[in-house]
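In the numbering used here, the protein residues as written are 924 to 1427. Where is the CB? At the ideal position from N, CA and C, for every residue including glycine. Remarks on the structure that follows.
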């Protein structure tokens, strides 16, 4: 590459670098709020918890519907199944008129006689007997031979498959209880997201206004330094002309060094605050950001103190605890359902090989089945009762936590009202002090020029002006933050966020 081309490329890269360095990102408060909501990792987790709760709610709802399952398997058996333990010899008789098994005189070897005019067989001792009561005394002529081997089932290889359907009919309220728990868990996930969003917005606004405050403090520190530099130059010229003492000149230089250090601290604080804001909104920490909103130290606008109401009851934290109490109620209902019987409908189709419906031949055959199953708890050594007691204790704990949280939130709400009142009074006081300090500094400068006010008086007036100006800026920021804090603790911010979620 030619040297002139290399030089042109180098200049072009320097130009691009200069543009990238000088580029600034201008952000409004609303943009910072939205960026913080999009970037906050805890809110991303809360959104995933909502997705998880919705899935759990669908899982609980599916318990109302029938479930269809399929099973299949193969089993090898080393031994076959034998229905007989030994060869069998079954006597050959006749069927009586009523269809029962009987015999005739020609089918037995027993001798016969008459008893009360009725024929009766004789045993080996020549005594008549009742063949129904003593069938072992019958001497049969013919027997049917049933070999054991003919009643063996070839069950070395067994194949089976089944499709089954189960429909719960009555579960003692268990399914309904689980569905209520899943519904309330979904609601808790949404209220926790709202609470997390409110915290993120409050932290962002607090840091946002802190950056603005420090930006203004840097400006007034620069203005303060300019005043001290002007005073130093004037006093140095007066000293050269013999109109000022060296001691006065040194005092001014010492104060100028102090002001320079104050400016350095203000710049460092501004840089760190910008980095903190960039971290909250997801920008690189070294991003050069400029905030759109401004404050006017001379403006004495204050917040209107609202009437004290019970709007704090809309806080998402209280809603979450309400849902937890309802979940505890559902757990009590579920525990009580263990006392109740459960009834379910079952249906299925079973396919097997060997075929049990045709002599266990090696072919496939199936059969439909339908039935109702019921389970009734009888005695479990007090397990059910103790489960109910555990659920009741959990419900009481949830109620106590809710009461405690309500008291704390009401206290926060009262503190927020008092903070607004204090911020308003601080603003009014700061405005008066700043006006007095400006007027004192003007008179001190005029008196110094006329030689009636010493240099120490001018420095004190300038220091008082800088302090009053800084206090006015802090008062302005406090007014802004007190309003944001009231919106958060009163639940108004939570209500706005919940409304936005419903619209989405």
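Item	Value
Between the CA atoms of residue 1418 and residue 980 - distance to the nearest angstrom	24 Å
Any 3 or more C-beta pairs closer than 8 Å across the segment 1300–1319 and the segment 1369–1386	no
DSSP state of residue 1166 mapped onto helix, strand, coil	coil
Rounded separation between residue 1400 and residue 1196 - CA only	14 Å
Residues that DSSP places opposite residue 1058 in a beta bridge	According to DSSP, which records beta bridges pairwise, residue 1058 is partnered with nothing at all.
Contact check, residue 1075 vs residue 1004, beta carbons under 8 Å	yes
Straight-line gap, residue 1182 to residue 1345 (C-alpha atoms, nearest Å)	30 Å
Reduced DSSP secondary structure (H/G/I, E/B, other) of residue 1371	helix
Close beta carbons around residue 1117, own chain, < 6 Å, minus the five adjacent residues each side	1239, 1417, 1420 and 1421
Coil, strand or helix - residue 1250 by DSSP	helix
Same chain only: Cβ atoms within 8 Å of residue 1162, ignoring 5 sequence neighbours per side	1168, 1169, 1171 and 1172
Sequence-distant residues of its chain with Cβ nearer than 8 Å to residue 961 (five each side left out)	1205
Opposing strand residues paired with residue 1042 [DSSP bridges]	1037
Helix, strand or coil at residue 1049 [DSSP, three-state]	coil
Same chain, Cβ closer than 7 Å to residue 1329, neighbours up to 5 away in sequence not counted	1241
Straight-line gap, residue 1011 to residue 1073 (C-alpha atoms, nearest Å)	11 Å
Beta carbon of residue 1086 nearer than 8 Å to that of residue 1294	no
Nearest to residue 1017 (by Cα), restricted to the options 1008, 1031 and 1193	1031
Distance between residue 976 and residue 912 (C-alpha atoms, nearest Å)	Past the boundaries of the shown model lies residue 912; the chain is included only from 924 to 1427, so the question cannot be answered.
Residue 967 vs residue 1123 beta-carbon contact at 8 Å	no
Beta-ladder partner(s) of residue 1294, from DSSP	1269
8 Å Cβ shell around residue 1461 - same chain, five flanking residues per side excluded	Because the chain here runs from 924 to 1427, residue 1461 falls outside it and cannot be looked at.
Check whether residue 1042 and residue 1054 have beta carbons under 8 Å apart	no
Alpha-carbon spacing of residue 997 relative to residue 1006, whole angstroms	22 Å
C-alpha gap between residue 945 and residue 1215, whole angstroms	With a pLDDT of 40 at residue 945, under the threshold of 50, the modelled position of this residue cannot be trusted, and the question is left open.
For residue 1094, three-class secondary structure by DSSP	coil
Beta-carbon gap between residue 1140 and residue 1189 smaller than 8 Å	yes
The segment 1405–1415 in contact with the segment 1119–1133 per 3-pair CB rule at 8 Å	yes
CB contact check: residue 1292 to chain B, cutoff 8 Å	Checking the listed chains, one finds no chain B in this structure; it contains a single protein chain.
Exposure label - residue 880; buried when at least 16 CB within 10 Å	Any answer about residue 880 is impossible in this case: the structure gives the chain only from 924 up to 1427.
Residue 1237 (DSSP reduced to helix, strand or coil)	helix
Beta-carbon proximity list for residue 1315, same chain, < 7 Å, skipping 5 on both sides	1255
Status (buried if at least 16 other CB within 10 Å, exposed otherwise) for residue 1279	exposed
Residue 1067 in three-state terms, based on DSSP	strand
Exposure label - residue 1138; buried when at least 16 CB within 10 Å	buried
Residue 1263 in three-state terms, based on DSSP	coil
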